[in-house]
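S.K.: Sharing a structure, written as structure tokens. Questions coming.
Protein chains: 2
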Amino acid sequence: MFRRLTLAAALAAAIALPVSAAPKDEVAQIVESAAFKTAVQTLAAEHDRTVADIVAITQIPAPPFKEAARAEAYRAMLEAHGLQDVEIDAEGNVMGLRKGTGDGPLVVISAHLDTVFPEGTDLTVRREGTRLYAPGIADDSRSLAVLLAYLRALDAAGIRTRSDVLVLGTVGEEGAGDLRGVRHFFEKGKYKDRIGAFFSMDGIDPANLVHVGVGSKRYRAVFKGPGGHSYGAFGIVNPMAALAGAIVEFYEIRPPTRPKVTYSASVIGGGTSVNAIPDAAYAEFDMRSADAGELAKLETRFKAILEAAAQAENAARSTRFGAVEVELIPIGDRPAGSTPRTSPLVARTAAAIEALGYRPVFSASSTDANAPMALGVPAVTIGSGGSGGRAHSLQEWIDVEPVESVRGMSVGLAALLAAAGVE
Amino acid sequence: MFRRLTLAAALAAAIALPVSAAPKDEVAQIVESAAFKTAVQTLAAEHDRTVADIVAITQIPAPPFKEAARAEAYRAMLEAHGLQDVEIDAEGNVMGLRKGTGDGPLVVISAHLDTVFPEGTDLTVRREGTRLYAPGIADDSRSLAVLLAYLRALDAAGIRTRSDVLVLGTVGEEGAGDLRGVRHFFEKGKYKDRIGAFFSMDGIDPANLVHVGVGSKRYRAVFKGPGGHSYGAFGIVNPMAALAGAIVEFYEIRPPTRPKVTYSASVIGGGTSVNAIPDAAYAEFDMRSADAGELAKLETRFKAILEAAAQAENAARSTRFGAVEVELIPIGDRPAGSTPRTSPLVARTAAAIEALGYRPVFSASSTDANAPMALGVPAVTIGSGGSGGRAHSLQEWIDVEPVESVRGMSVGLAALLAAAGVE
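If you read the protein sequences in the order shown, they are chains R and C.
191 is the number that the working numbering gives to position 141 of the first sequence; each next residue is one higher, with no gaps.
216 is the number that the working numbering gives to position 166 of the second sequence; each next residue is one higher, with no gaps.
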């Protein structure tokens, strides 16, 4: 997930703080160094290879909970890039270490392996000029490839960081994955107590700086009823009618726009045969906000709507074979959190964005960074550069026009070096 | 499909007419004749063979649209029973002629070859006492075997009918088959202009007399929209909200109960991920009535509701990435029709049921007989005798206790002879 949250961004822009002088100076020193310039020249010189990596990664299926093939490919890529302690952990995350010169806290730079697209989705990348089209190409294949480009650039420029840098490919960032990869990493992973800063590179926009983690509540609502023959049992309650009523009521809600609150009915299923009144029908619902209080209010209303819909169906039709009931199964609960605007990580990252000529857009989103944010570990989510759109749709695209692509990539590299320190 | 429609049956029973004297007399004359008694004795004497035929037919797979193996076996059986002009037509129906003594209209007695069960279903018949268990054994393997028993009984008793009798095994009676076999027979078959009466033997109950063909219109409605990220694209149209609105409106319809009109939203699907606004959502809809006019009215209203739901969604939310549209895919279209209670065919069949000691249950259903009924060709659906249950389930069973089985079989034989006339 990489989209900038427009309203939060607008709000943030309106109250934008100047980046403090010290981080600006630190970053300027890095960006103006001969080594950094060599690194950026390498990003440019190897841009075709990076594009080839984006294409290769995109075309390896990584549906939710089925990221193993892409994980294994990425593991091999990390090894080929000379990282140490390359491994796939118990949850399926891939990682490898680039040793620094000191013993400082670890800096993690991460991208997610998984896509929202189910098995069987055509992932063939289609190219039109500098545009590449394919599901998942922006979210988050490009980031995975860009992290590899950073490794080559750092090596070519002979740059050593003070902190160790861990390159991480996570599973389960999207949807029902419920941040399972990054949660495991922070709850049970072997590096969990060493992490000083965490970057999630998720999506494209190099000006985007996510420092607020949008919380979400997700449910599968299953309406159950007696079921029966569509003709013989006509007139009995239909759980699908109750479900439809709930969706209609839910979509009547006009949530506040400030703080932004959103909802969606996203996946439905149910029924067995066209000539049978179904005995069950379900839908999945997504509710989000950066504001925990607004989110809780929406959740309460949602639950009341579901109950009322079941009752309305039982009142509208016969319950002689049984009534409609609704069961609510939690399928997602992402913590809200934030890294303060005044923190060194946010300040340095903002400085890196500015140093490359962009205007930082401070924003809120739901990404792997939610997990460390909720634990108080400094974390931000940044873009991989270039432009793109239509993430989570089959029309997803990126533009890899080299000049803008490399400039965008340079932001993350500068931010990483600012966080990890350079000798 | 052979299930009696309980409500229609109860209603019919309440207003049951006495069977007129003339058909009663005709049937009594047949049933009391020495030849008929010989025929029934043959049914009894050969009952074990009939059971063996039921088992053999049941164990030959005949999934929807894949009835060829069973058709070929049945063709060979019809030839072995001495029928003339045995053939498999272009649609896959099997048939053979038993010549009569005159030139009268043809009488067709039919059973369907297809089952509801997909390829790979275990069709092994399990026997417990007089009970046989296997998918499709009641619906409609027993009928296919009983028709063969009739041929042997007629031959043994030396009975010649006035009308030619055509024994027919149809394809595509169930579900998505949409009566394709019997429709072909009546629309393009070589006998289509010669048919004076049509029996469909479908299911078990020897008291059941289907003289009303419930018509159905079935659609898959696919709502499509742009799709997008549940948070980033919040506010755009959601095809699922449109679908839900359509279901809610559809379920506001209060159709007449006389003639009975029913509808159902039965199977739904759509969406790819909990955090994506779906780009498509669909539902399947079933509408039925024995009254063609009422069914057409409902269908018109249904279509208007779907269009209005798409438009309402486009008015309620943003179409900046695209609008919601609905596509309607016909998946079933069974004609409605009926054969009047006062017709000679219904009166004689009722008399045959009574003559064998059962109380006729006049009922409405959707069977192969719908096709001739819709064309005004006299048609009824009757049972093959014995008892059974759980049709369309893997627990389907019949009881072949010989006394009751033969008594039930005798009903159809008497009805056939009454319709075809005996020298």
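Even glycine gets a Cβ: it sits at the ideal position worked out from N, Cα and C.
1) Between Phe235 (chain R) and Glu137 (chain R), what straight-line distance do the alpha-carbon atoms span, to the nearest angstrom?
2) Could you tell me whether the region 424-443 of chain R touches the region 275-295 of chain C, where touching means 3 or more Cβ pairs closer than 8 Å?
3) For Val317 (chain R) and Glu334 (chain R), I'd like the C-alpha separation in whole angstroms.
4) When DSSP labels each residue in this structure, what does Arg308 (chain R) get in the three-state scheme?
5) Grab me the residues of Val472 (chain C)'s own chain with a C-beta within less than 8 Å of its C-beta, minus the 5 sequence neighbours each way, in chain order.
6) Can you name the start and end residues of the alpha helix (DSSP H) that Gln91 (chain C) belongs to?
7) So which residues on chain R does Tyr200 (chain C) lean against when the C-beta distance must stay under 8 Å?
8) Do you know offhand how far Ala36 (chain R)'s Cα is from Ala342 (chain R)'s?
9) When you compare each of C:Trp447, C:Ala400 and C:Ser434 to Ala468 (chain C) by their alpha carbons, which one comes out closest?
10) Looking at C-alpha atoms only, which residue of R:Met337, R:Gly436 and R:Asp449 is the closest neighbour of Arg176 (chain R)?
11) Going by the CB atoms, is the gap between Ala359 (chain C) and Glu302 (chain C) shorter than 9 Å?
12) Give me the Cβ distance between Glu349 (chain C) and Pro306 (chain C), rounded to the nearest whole Å; I'm assuming they're in contact under 8 Å.
13) Quick one: is Lys310 (chain R) near chain C, going by C-beta distance under 9 Å?
14) Could one say the Cβ of Asp190 (chain C) lies closer than 9 Å to chain R's Cβ atoms, at least one of them?
15) Once DSSP output is grouped into helix, strand and coil, what is the label at Asn364 (chain R)?
16) So, does the CB of Glu446 (chain C) fall closer than 9 Å to a CB anywhere in chain R?
17) Is it true that the CB of Gly382 (chain C) sits closer than 9 Å to the CB of Asp336 (chain C)?
18) Using 9 Å as the limit for Cβ to Cβ distance, is Ala429 (chain R) near chain C?
19) At the level of alpha carbons, what is the spacing between Ser266 (chain C) and Leu466 (chain C)?
20) Nearest CA to the CA of Pro113 (chain R): which residue from R:Leu163, R:Leu128 and R:Gly458?
21) Apply the 10 Å Cβ neighbour rule to Gly462 (chain C) and answer buried if 16 or more other Cβ atoms are within range, or exposed otherwise.
22) Give, in chain order, every residue of the region 325-336 of chain C whose Cβ lies closer than 7 Å to some Cβ of chain R.
23) If I follow the unbroken alpha helix (DSSP H) through Phe236 (chain R), where does it start and stop?
24) To which residues does DSSP link Ser316 (chain C) through a beta bridge?
25) Please tell me whether Gly320 (chain C) and Phe273 (chain C) are closer than 9 Å, where the distance is taken between their beta carbons.
26) Contact criterion: CB-CB distance below 9 Å. Does Leu395 (chain R) meet it with respect to chain C?
27) Identify each residue in the region 270-286 of chain C for which the Cβ-Cβ distance to at least one residue of chain R is less than 9 Å, and report them in chain order.
28) Pick out the complete alpha helix (DSSP H) segments inside the region 185-212 of chain C, 4 residues or longer, and give them in chain order.
29) Would Phe115 (chain R) count as contacting chain C if we go by Cβ distances under 9 Å?
30) Kindly indicate which three-state DSSP category Pro476 (chain C) falls into: helix, strand or coil?
31) Compare the beta carbon distance of Arg270 (chain R) and Thr312 (chain R) with 9 Å and say whether it is the shorter of the two.
32) Work out the CA separation of His261 (chain R) and Pro390 (chain R) for me, nearest whole Å.
33) So that I know if they touch, is there some Cβ in chain C lying closer than 9 Å to that of Ile187 (chain R)?
34) Please go through the same chain and pick out, in chain order, the residues whose beta-carbon is closer than 6 Å to the beta-carbon of Leu93 (chain C), but skip the five residues on each side of it.
35) Would you verify that the beta carbon of Met423 (chain R) is, or is not, closer than 9 Å to some beta carbon of chain C?
36) Assuming Glu117 (chain C) and Val166 (chain C) make a contact with CB atoms under 8 Å, what is their CB distance in whole Å?
M.R.: In this structure, then:
1) Walking along the first sequence from the start, residue 235 (chain R) turns up at place 185. Walking along the first sequence from the start, residue 137 (chain R) turns up at place 87. Cα-Cα distance, rounded: 13 Å.
2) yes
3) For the purposes of this step, residue 317 (chain R) is taken as residue 267 along the first sequence, with counting starting at 1. For the purposes of this step, residue 334 (chain R) is taken as residue 284 along the first sequence, with counting starting at 1. Approximately 5 Å between the Cα atoms of the pair.
4) Translated into the one-based positions of the first sequence, residue 308 (chain R) becomes position 258. It is coil, neither helix nor strand.
5) Locating residue 472 (chain C) in the second sequence gives position 422, where the first residue counts as 1. Taking C-beta separations shorter than 8 Å and ignoring five residues to either side along the sequence, the partners of Val472 (chain C) in its chain run Ile80, Ser83, Ala85, Ile209, Arg210, Thr211 and Arg212, following chain order.
6) Here residue 91 (chain C) is taken as the residue at index 41 of the second sequence, counted from 1. Residues Ala84 to Ala95.
7) The residue you call residue 200 (chain C) lines up with position 150 of the second sequence. Result: empty, since nearest Cβ-Cβ is about 30 Å, beyond 8 Å.
8) No answer is possible for residue 36 (chain R): it lies beyond the span of chain R, which begins at 51 and ends at 473.
9) As a working note, residue 468 (chain C) is residue 418 in the second sequence. Closest option to Ala468 (chain C), Cα to Cα, is C:Ala400.
10) Looking up residue 176 (chain R) in the first sequence gives position 126. That would be R:Asp449, whose Cα lies nearest to the Cα of Arg176 (chain R).
11) Numbered from 1 along the second sequence, position 252 holds the residue referred to as residue 302 (chain C). Numbered from 1 along the second sequence, position 309 holds the residue referred to as residue 359 (chain C). No.
12) Position 299 of the second sequence, counted from the first residue, corresponds to residue 349 (chain C). Position 256 of the second sequence, counted from the first residue, corresponds to residue 306 (chain C). Not really, about 15 Å apart at Cβ, beyond 8 Å.
13) One-based indexing of the first sequence puts residue 310 (chain R) at position 260. Taking Cβ atoms only, chain C reaches closer than 9 Å to Lys310 (chain R), which makes this a yes.
14) Within the second sequence, numbered from 1, the residue matching residue 190 (chain C) stands at position 140. Asp190 (chain C) does not count as touching chain R.
15) As a position in the first sequence, residue 364 (chain R) is number 314, starting the count at 1. DSSP places Asn364 (chain R) in helix when its eight states are reduced to three.
16) If you number the second sequence from 1, residue 446 (chain C) lands on position 396. So, not an interface residue.
17) On the second sequence, residue 336 (chain C) is found 286 positions in, with the first residue counted as 1. On the second sequence, residue 382 (chain C) is found 332 positions in, with the first residue counted as 1. Contact: yes.
18) Your numbering for residue 429 (chain R) matches position 379 in the first sequence. So, not an interface residue.
19) The sequence position of residue 266 (chain C) within the second sequence is 216, counting from 1. The sequence position of residue 466 (chain C) within the second sequence is 416, counting from 1. Distance between the alpha carbons of Ser266 (chain C) and Leu466 (chain C): 28 Å.
20) As a first step, residue 113 (chain R) is located in the first sequence; it is residue number 63 there, counting from the start. For the residues R:Leu163, R:Leu128 and R:Gly458, the minimum Cα distance to Pro113 (chain R) belongs to R:Leu163.
21) For the purposes of this step, residue 462 (chain C) is taken as the residue at position 412 of the second sequence. Flag for Gly462 (chain C) reads buried.
22) Listed by position, the residues of the region 325-336 of chain C near chain R (Cβ gap below 7 Å) are Asn325, Ala326, Ile327, Pro328, Asp329, Ala331, Glu334 and Asp336.
23) For the purposes of this step, residue 236 (chain R) is taken as the residue at position 186 of the first sequence. Residues Arg230 to Glu237.
24) Along the second sequence, one-based indexing puts residue 316 (chain C) at 266. Within the DSSP secondary-structure output, Ser316 (chain C) pairs in no beta bridge.
25) Translated into the one-based positions of the second sequence, residue 320 (chain C) becomes position 270. Translated into the one-based positions of the second sequence, residue 273 (chain C) becomes position 223. For the pair Gly320 (chain C) and Phe273 (chain C), the CB atoms are nearer than the 9 Å cut-off.
26) Position 345 of the first sequence, counting from 1, holds the residue named residue 395 (chain R). No, Leu395 (chain R) lies away from the interface with chain C (no Cβ there is under 9 Å from its Cβ).
27) Arg270, Pro276, Gly277, Gly278, His279, Ser280, Tyr281, Gly282, Ala283, Phe284 and Gly285
28) Those alpha helix (DSSP H) runs which fall completely within the region 185-212 of chain C and span 4+ residues are 192-207.
29) To locate residue 115 (chain R), count along the first sequence from 1; it is residue 65. Not an interface residue.
30) The structure shown has nothing for residue 476 (chain C), since chain C only spans 51 to 473.
31) As a working note, residue 270 (chain R) is residue 220 in the first sequence. As a working note, residue 312 (chain R) is residue 262 in the first sequence. Thr312 (chain R) sits away from Arg270 (chain R), with the two beta carbons spaced by 9 Å or more.
32) The sequence position of residue 390 (chain R) within the first sequence is 340, counting from 1. The sequence position of residue 261 (chain R) within the first sequence is 211, counting from 1. Near 7 Å, if we compare the C-alpha coordinates of His261 (chain R) and Pro390 (chain R).
33) Translated into the one-based positions of the first sequence, residue 187 (chain R) becomes position 137. No, no contact with chain C.
34) Within the second sequence, the letter at position 43 stands for residue 93 (chain C). The beta carbon of Leu93 (chain C) is closer than 6 Å to those of Ala199, Ala203, Val456 and Met459 in its chain, skipping five residues each way along the sequence.
35) Residue 423 (chain R) sits at position 373 when you count from the first residue of the first sequence. No, Met423 (chain R) does not count as interfacial toward chain C.
36) The sequence position of residue 117 (chain C) within the second sequence is 67, counting from 1. The sequence position of residue 166 (chain C) within the second sequence is 116, counting from 1. That belief does not hold up - the Cβ atoms of Glu117 (chain C) and Val166 (chain C) are roughly 12 Å apart, past 8 Å.
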